[in-house]
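Protein chains in written order, with our numbering: chain E, 1 to 662; chain X, 1001 to 1174.
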């Protein structure tokens, strides 16, 4: 009964979305206010229906309804309840439902927070989003119904993949999808602008916070995924350039470019076509990611069970959505006109260059991801593109981008002077060079890559400090008083930028130092034996048997010593999951600000000895810390006063218009 | 106008490839080497014990050659099946560690288990070229006379092993 209710809710939501897109888009084209007025209530109704469907699915999972195929394939009665809940989005069908839940949630949010946007614009935006939703509802109902029944019901379920039975995996997909799907908002804004022919700085101002929020979610989502891979896969890597990871990374790169390009469009009226194109590309890459993960055209460790019918449907949908919007772009954008002129040395060109670098980076990731497919399709053979390609391409592209990150925020709009910039930044540069030359020596090893990484990180941080100092001294020079008093007066958007850039620096420090200085040891250990790594010695005390809800296994007990004093006790585990018959390695990690100690159990060898892997990973947590700071910077920027002021002012104005219209 | 069409054209091109990709099985490629003598090689052992792996020494036996690398994600997919196969002891599996770093390969094997009777190191990928390796992983079945009888591209799965590889091995071993 409950699953049928969920199924029914999806069908109703499909009709609501269809009606919403037709009435909104046609209404906006004809200027029919009554038709346009459908869009907001329909958005809320759709959200309510999808939320109901999702609740039904969650209910079936939590209550072990094994007459639902999806539940029987991805859950088990022995699974703890929170993993049963997470299993609701662990499967292909369930994650699609999560996708549309997010989409309708974003739609509902747009309907709520858009009083200051003209009615026809809102109608177009919601109409476009509803059209996207129609595609997904159809996809779900035609090829991937999460509520399909299994008759006769299974006695018990096949269990959730043990790799996904982890707290990180509970929140990673929702965060990632919030980001992916969030880009549908700015996509809809762009298409609406192309349709309505209204592409100005007001449009950019409305789009900006939505982009930033989606970007912040995506950043957190990707970081969580990487963190999960780090501690759960048991071998201490944090990024693998797997097609599925790339699928989330490409929209992140173009989304980053989009955020910056929107700033130029808002402040200077420039880059309009480029910004619109980026908005379309970013969401297209999100959709492409969905296609790659679910169609089976590429092999990946993450891939969902595949089905050719699904691939055909998503490809058709992809061609429709992306093709139509790019055709619209080709048709309408030449009329958009150019923004203000700017000189070769200016903030615009710094931002444009960075944009281009980010796009080239995204394109090379796309190329690397699709290359095996291209060759295959041309009959030239089958290959696998590995990390060596991505690393070789990525570093040379990102290094200049990171360098420009220091210059851009200090350069003047329109025209800046190179000698002037050089004078203002000379100390920051000197500090960066000195750190690159000396810091690695204090850590025991100097290599060009470590030096480059530190150079860029210190450069970004130091130029940020210079920027802040200049801002407040300038204010103090005009208004009098102590410069520090002006720290509070600077807008949050500005601090958000500084914080996000600092996050990039922290991230670079993490990547550089862990790549440069990590040490790992694979040793055979008997109880009582010791391994020393990174100045620590780790003693294996013994093993104890463990019994989990749906697994059993052994747990090693290891004591960590530094300079003869006990520091920590670590418990790596080797689990065996009964239902899926799968062994799992649970690493033990001693997390620290400047280093992680990471121990995981390999195989048992003869006579009670085990292969134990120990890693010393300096500054590895800075990788995710940096990502977190970036996202926090995004959130800070969105909380800027000017958005709230604009909203409050518009609310008054908006009410007045409504009254007048009435 | 013309310039604004570029993104659409690029996308159209990508879509065509994706469409073709859907109808392809990323795992099947005919090999001109089937029925031909396996190219001879003499390569250093991956394991610390040292020594060389010589294809000549394997004459008179049926064996599998599995091309793998620690950087290859699809290899992870097939690896448990290889480990199981090795435990059954039906046929010796030799590894060709392709364009890899020795350290990385050893750690990778430590993590995921080592099914190989012997592992030849092919840092430059020269032997790989002689064997017509398209990508990693690939698996060859080589008979007593050193002739390649079968080649599988992409990760092995239980179906391929049980329906193709193992029956062939059993026939060749008779």
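Note that the Cβ used here is the ideal one computed from N, Cα and C, for glycine as well.
Every unbroken alpha helix (DSSP H) within the region 99-165 of chain E, with a cutoff of 4 residues, ordered by chain: 119-143
Residues near residue 169(E) in its chain [Cβ-Cβ closer than 7 Å; skip 5 each side]: 86, 228
Whether residue 1008(X) touches residue 330(E) by CB criterion (7 Å): yes
Chain X contacts from the region 550-565 of chain E (Cβ-Cβ distance under 7 Å): none
Proximity of residue 17(E) and residue 130(E) at Cβ, strictly below 7 Å: yes
Span separating the alpha-carbon of residue 336(E) from that of residue 194(E): 9 Å
Residue range of the unbroken alpha helix (DSSP H) whose run includes residue 493(E): 492-517
Where residue 566(E) falls: helix, strand or coil (DSSP): strand
Proximal residues to residue 1006(X) (C-beta, below 6 Å), its chain only, five neighbours per side dropped: none
Those residues which DSSP pairs with residue 544(E) across a bridge: 555(E)
Residues of the region 1036-1049 of chain X whose Cβ lies closer than 9 Å to any Cβ of chain E, in chain order: none
Beta-bridge pairing of residue 630(E) - partner residues as DSSP gives them: Note: residue 630(E) sits in no beta bridge, so no partner.
Proximity winner among 1014(X), 1065(X), 1018(X), 1034(X), relative to residue 1120(X) (alpha-carbon distances): 1065(X)
Contact set between residue 48(E) and chain X, taken where Cβ atoms lie within less than 8 Å: The contacting residues do not exist; residue 48(E) stays about 35 Å from chain X at best.
Proximal residues to residue 643(E) (C-beta, below 7 Å), its chain only, five neighbours per side dropped: 209
The region 1122-1137 of chain X in contact with the region 1063-1077 of chain X per 3-pair CB rule at 8 Å: yes
Bounding residues of the beta strand (DSSP E) (the contiguous stretch that carries residue 1052(X)): 1052-1054
Cα-Cα separation between residue 116(E) and residue 177(E), rounded to whole angstroms: 27 Å
For residue 329(E), the residue or residues it bridges with in DSSP: Residue 329(E) pairs with nothing; no bridge assigned.
Residue 302(E) at chain X interface by Cβ criterion, 7 Å: With a pLDDT of 48 at residue 302(E), under the threshold of 50, the predicted position of this residue should be treated as unreliable, and no value is reported.
Inter-residue CB distance, residue 206(E) and residue 259(E) (contact presumed, cutoff 8 Å): Residue 206(E) to residue 259(E), Cβ: 14 Å. No contact.
Chain-order list of residues whose beta-carbon lies under 6 Å from that of residue 302(E) (same chain, five-residue window excluded): Note on residue 302(E): pLDDT 48, under 50, position unreliable in the model; the coordinate value appears next. Around residue 302(E): 244.
Cβ pair residue 406(E), residue 496(E) closer than 7 Å: no
Contact under 7 Å by Cβ, residue 68(E) with residue 60(E): yes
Integer Cβ distance of residue 531(E) from residue 614(E), believed to fall under 8 Å: 6 Å
Pair within 7 Å by beta-carbon distance, residue 272(E) and residue 199(E): yes
Interface flag, residue 1125(X) vs chain E, CB-CB below 7 Å: no
Boundaries (first-last residue) of the beta strand (DSSP E) holding residue 582(E): 582-586
Straight-line Cα distance separating residue 506(E) from residue 190(E): 33 Å
Beta-carbon proximity check, residue 38(E) vs residue 54(E), cutoff 7 Å: no
Sub-7 Å separation of residue 83(E) and residue 20(E) beta-carbons: no
Beta carbon proximity, residue 483(E) to chain X, threshold 7 Å: no
Chain-order list of residues whose beta-carbon lies under 6 Å from that of residue 459(E) (same chain, five-residue window excluded): 406, 432
Reduced DSSP category for residue 550(E) - H, G, I as helix; E, B as strand; rest coil: coil
Spatial neighbours of residue 362(E) in its chain, beta-carbon cut-off 6 Å, leaving aside the 5 residues before and after: 250, 253, 254
N-terminal and C-terminal residue of the alpha helix (DSSP H) that residue 1077(X) is part of: 1073-1088
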